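Below: one structure, written as structure tokens.
There are 2 protein chains.
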Amino acid sequence: MKDFIFQNPTKVVFGKGKISKLGSEVKKVANKVLIVYGRGSIKDNGVYDMVTNSLKSSNVDWVELPGVKPNPILSKVYDGIELARKEGIDAVVAIGGGSVIDTSKTIAAGYHYKGDIWDAFTGKYKVEKSLAIFVVLTISATGSEMNGGAVITNEKTRQKYSFWATTSYPKLSVLDPSAQFSLPKIQTANGAADAIAHVLELYFDNTPNTLILDEISEGIIRTVMNSTEILLRNPNDYDARANLIWSATLALNGINGTGRSGGDWSSHAIEHSLSALYDIAHGSGLSIIFPAWMEYVRHEDVEKFARFSRKIFEIGDVDDEKAALEGIKRLKKWYKDIGLPVTLHDANIPFDGIERVVENAAMRTPFGRLKRLEPNDVRKILELCA
Amino acid sequence: MKDFIFQNPTKVVFGKGKISKLGSEVKKVANKVLIVYGRGSIKDNGVYDMVTNSLKSSNVDWVELPGVKPNPILSKVYDGIELARKEGIDAVVAIGGGSVIDTSKTIAAGYHYKGDIWDAFTGKYKVEKSLAIFVVLTISATGSEMNGGAVITNEKTRQKYSFWATTSYPKLSVLDPSAQFSLPKIQTANGAADAIAHVLELYFDNTPNTLILDEISEGIIRTVMNSTEILLRNPNDYDARANLIWSATLALNGINGTGRSGGDWSSHAIEHSLSALYDIAHGSGLSIIFPAWMEYVRHEDVEKFARFSRKIFEIGDVDDEKAALEGIKRLKKWYKDIGLPVTLHDANIPFDGIERVVENAAMRTPFGRLKRLEPNDVRKILELCA
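Respectively, the protein sequence lines represent chains A and B. Counting from 1, position 52 in the first sequence corresponds to residue 52 in this note's numbering; the numbering is continuous, with no gaps. With positions in the second sequence counted from 1, the corresponding number in this note's numbering is that position plus 1000.
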């Protein structure tokens, strides 16, 4: 196991009806907030009213930034920073999933920065100050509700990049499973693929002797799969929702990431190029890329890929190479079974789009820890997705 | 899954040589500290020198409270509070395991309380203020390095009680696996039994639909068992130490306790009566009591006991009752194999001591969540330990 520092200050309030607790928690640090949300589903399912009623009852004023889209864009962040400064707010309240939370985190960091907050994504600026961030989670996927990371697409340069800061952990995240009952099935499935990908990026990073981390990782994956299968039959199953939600949070809150080398993150890098160009859902991009990446790099650590197959799919008495391949096949089949794309064609991405993706990814190659990938490796992985 | 609030602010610095980081972290909040430790093993293994050198290099002064014993006692806490007030210290540095940490937490809480700090253990006083607590961990067992709990024995009344406060989480805990290389094997084994017991108290608390929590719990137990077996052959195996240490911390830092009903804690209650009277190691008390408690209450949730057997000992194709009993038998055998007592006789406790233990436990009965235990239940469980 590697040396590590673990500290996660986010307070999680979990359970049905807990959105009502938001106002009093916000009031401790803020009199006026910016609330950030997406395309209005929170007005249909009642979450918007619950949030604003809670703020009202604690005498917290607010201004609004609606309209955040999946694969959130930098210009929206700029709008938010401008609005936040003009209105003199004290905190940001994100009501949504990863896109809304990451937009909120970037606004909260940009509020204090005199330069262009895109600098945080290119490494030119290290974020060390942020407005307080509060989250009401409505889609479980990215884990952003309990970590310091954010992913934003610069739509001008077609770069989908991320930053991470200790000051960007949400102060409080409210996780109400019943707030996700009304999610379309495809969003539940996309969220599951994202959570599994986070665990696997960390799991396959070539750090030896990480038994406790691997046990937790495998437990998260098995729970995500089990809960997702239940939810696709019955989206209102409270306990399956609760198990999925908490698993997706744990997938990237540090608990299975400490003690490793930092994760591989190649599949995310390739997917970010894919969704920067083709605007597909992140989870759907990952269900295409991840099995192909696994197939391409499996010989770098075939024992670990075989362990994955045995622990997740109970693949028995075969050698490591066969076990590894069988596990990858089963994962791909599972994604297909829950309605996700597993080829570029499934996602309506033309085969001749591969070169565009390679070119976009080449802005950041080499990347990856288990195997350092050059543009030609990215091309070969994408060809496996055909 | 039940509603929960999760927040754990402790910063963990993990790895070989990390004790050197202590001074600069302490200096952020304190110029003078009370260092608390046990019976001198830290002077033999170099940990004392590492701590004091680190404090010196950051210009932190200290006074010392040595001599904390296993099953730590209230009079030592009083000594510490008196010394801390006289010397005007700003923080407490615990160098040791659970006994030292819990003594330190109680001193840190008592420093600000005008009454008798024993009130915190009897429920008369709710701890809401504490000096900052820093930990250098030298025995992994209680998980106290990353939670807000403390257990102290009032040696006059023979009460071994606990308190829990959000202000009692350590600010920082340094976990250096190499600092535990010199532990006697029996202490490694006792620590393993304690960590397993924490997981099981939470696991068997009769909350339905807790898949993600159960997966994590089972992963912790398998890792503790695997790592302990390696360490009894080679106490200096760094990675086994690292896996055991982090597992024991996770066993009681909230990550597998959230979403449950709060745990059963009967075995701990009975063990506390046992060790308050007979001064045996807590882990050794638990290796005697826990299998007997399991046997006695198994019909309250035989499916869960069967699940335990299947997930931990891979017990196959038998019915739940048989699986449950076989798992209990195997756990008992495993404790015996690692050198722990599994009967009162093994620990030199006379059979006629049972009535004394029942009488002591009766100060707090009824207790337990899976099954509420009355004094007669405690007697029957102890008889199963004969």
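All C-beta atoms in this analysis are idealised placements derived from N, C-alpha and C, irrespective of residue type, glycine included. The structure displayed is predicted, hence computed values, not measured ones.
CA nearest to the CA of residue i, picked from the options
{"i": "L286/A", "options": "A269/A, V297/A, L137/A", "result": "A269/A"}
{"i": "S1261/B", "options": "G1283/B, S1275/B, S1227/B, D1205/B", "result": "D1205/B"}
{"i": "N1154/B", "options": "V1077/B, I1089/B, D1319/B", "result": "V1077/B"}
{"i": "K1311/B", "options": "G1353/B, L1211/B, S1173/B", "result": "L1211/B"}
{"i": "R1307/B", "options": "H1299/B, E1295/B, D1320/B, V1297/B", "result": "D1320/B"}
{"i": "V1026/B", "options": "R1379/B, S1054/B, V1036/B, Y1037/B", "result": "S1054/B"}
{"i": "K16/A", "options": "D79/A, A242/A, T166/A, K86/A", "result": "A242/A"}
{"i": "H282/A", "options": "V136/A, G67/A, I42/A, K160/A", "result": "K160/A"}
{"i": "S140/A", "options": "T249/A, T106/A, N226/A, N253/A", "result": "T249/A"}
{"i": "T1167/B", "options": "H1112/B, A1189/B, P1208/B, S1178/B", "result": "H1112/B"}
{"i": "V297/A", "options": "D119/A, R356/A, K380/A", "result": "K380/A"}
{"i": "Y1125/B", "options": "I1338/B, A1195/B, D1116/B", "result": "D1116/B"}
{"i": "M225/A", "options": "E374/A, A179/A, A120/A, W334/A", "result": "W334/A"}
{"i": "L382/A", "options": "T103/A, P366/A, I349/A", "result": "I349/A"}
{"i": "S1273/B", "options": "V1063/B, V1060/B, A1362/B", "result": "A1362/B"}
{"i": "P1366/B", "options": "D1377/B, V1357/B, R1356/B", "result": "D1377/B"}
{"i": "L175/A", "options": "K2/A, I19/A, D337/A, M1/A", "result": "I19/A"}
{"i": "V127/A", "options": "S162/A, V357/A, D79/A", "result": "S162/A"}
{"i": "S130/A", "options": "T142/A, A179/A, I152/A, S104/A", "result": "S104/A"}
{"i": "A1324/B", "options": "D1337/B, K1304/B, G1339/B, K1332/B", "result": "K1304/B"}
{"i": "A386/A", "options": "R356/A, D352/A, R364/A, R372/A", "result": "D352/A"}
{"i": "V151/A", "options": "A192/A, T188/A, G97/A, F134/A", "result": "G97/A"}
{"i": "I1089/B", "options": "S1041/B, K1322/B, K1032/B", "result": "K1032/B"}
{"i": "G1148/B", "options": "R1372/B, I1101/B, Q1187/B", "result": "I1101/B"}
Under 7 Å from the C-beta of residue i: neighbouring residues of chain A
{"i": "D1239/B", "result": "M1, N209"}
{"i": "R1222/B", "result": "E215"}
{"i": "G1316/B", "result": "Those within 7 Å of G1316/B in chain A number zero; the least Cβ separation is about 13 Å."}
{"i": "G1040/B", "result": "What G1040/B touches in chain A: nothing, since even the nearest Cβ is about 28 Å away."}
Where residue i meets chain B, residues with beta-carbon distance less than 7 Å
{"i": "P170/A", "result": "Within 7 Å Cβ-Cβ: nothing; P170/A doesn't reach chain B, min ~11 Å."}
{"i": "S261/A", "result": "Ordered by position in chain B, no residue passes the 7 Å Cβ test against S261/A, which lies about 13 Å from the chain."}
{"i": "I255/A", "result": "I1255"}
Three-way DSSP call (helix, strand, coil) for residue i in this model
{"i": "G149/A", "result": "strand"}
{"i": "R14/A", "result": "A small fix is needed here, since residue 14/A is Phe in this sequence, not Arg. Correct three-state label for F14/A: strand."}
{"i": "I1349/B", "result": "coil"}
{"i": "V1302/B", "result": "helix"}
{"i": "V1068/B", "result": "coil"}
{"i": "V47/A", "result": "helix"}
{"i": "N1209/B", "result": "coil"}
{"i": "V1026/B", "result": "helix"}
{"i": "E1184/B", "result": "The residue you asked about is not Glu; residue 1184/B is Pro in the sequence shown. Note: P1184/B maps to coil in three-state DSSP."}
{"i": "Y37/A", "result": "strand"}
{"i": "N8/A", "result": "strand"}
{"i": "V63/A", "result": "strand"}
{"i": "I315/A", "result": "coil"}
{"i": "K2/A", "result": "coil"}
{"i": "K76/A", "result": "helix"}
{"i": "K56/A", "result": "helix"}
Proximal residues of chain A, C-beta to C-beta of residue i below 8 Å
{"i": "Q1007/B", "result": "P9, T10, K11, V12"}
{"i": "G1015/B", "result": "K2, D3, F4"}
{"i": "N1226/B", "result": "L211"}
{"i": "S1247/B", "result": "I212"}
{"i": "K1018/B", "result": "D3"}
{"i": "A1242/B", "result": "M1, N209, G259"}
{"i": "G1143/B", "result": "None at all; the shortest Cβ gap to chain A is about 14 Å."}
Contact belief for residue i with residue j at Cβ below 8 Å, rounded distance in angstroms
{"i": "F4/A", "j": "G259/A", "result": "5 Å"}
{"i": "V68/A", "j": "Y37/A", "result": "7 Å"}
{"i": "G219/A", "j": "E1215/B", "result": "3 Å"}
{"i": "G23/A", "j": "S58/A", "result": "3 Å"}
Interface residues of chain A facing residue i [CB-CB closer than 9 Å]
{"i": "N1031/B", "result": "By Cβ distance, chain A contributes nothing, its closest Cβ being about 23 Å from N1031/B, past 9 Å."}
{"i": "G1046/B", "result": "Under the 9 Å cutoff, chain A gives no residues; its nearest Cβ is about 19 Å from G1046/B."}
Under 8 Å by beta carbon: chain B residues contacting residue i
{"i": "G149/A", "result": "Correct list: empty, because the minimum Cβ distance to chain B is about 19 Å."}
{"i": "N236/A", "result": "Those do not exist, as N236/A stays about 14 Å from chain B at its closest Cβ, beyond 8 Å."}
{"i": "G23/A", "result": "Per Cβ cutoff of 8 Å: no residues; G23/A is ~16 Å from chain B at best."}
{"i": "G97/A", "result": "Ordered by position in chain B, no residue passes the 8 Å Cβ test against G97/A, which lies about 19 Å from the chain."}
Inset, instruction - May I have a chain-ordered list of the beta strand (DSSP E) segments no shorter than 3 residues that lie completely inside the stretch 131 to 175 of chain A? - result: 132 to 137, 149 to 154, 159 to 164, 172 to 175
Inset, instruction - Please specify which runs of the alpha helix (DSSP H), each continuous and at least 4 residues long, are wholly inside the stretch 217 to 292 of chain A, giving them in chain order. - result: 238 to 250, 266 to 278
Inset, instruction - Output the residue ranges of the alpha helix (DSSP H) runs that lie fully inside the stretch 1320 to 1383 of chain B and measure 4 residues or longer, sorted by chain position. - result: 1320 to 1337, 1354 to 1361
Inset, instruction - Kindly provide the ranges of any beta strand (DSSP E) runs that are 3 or more residues long and lie completely inside the stretch 78 to 127 of chain A, ordered along the chain. - result: 91 to 96
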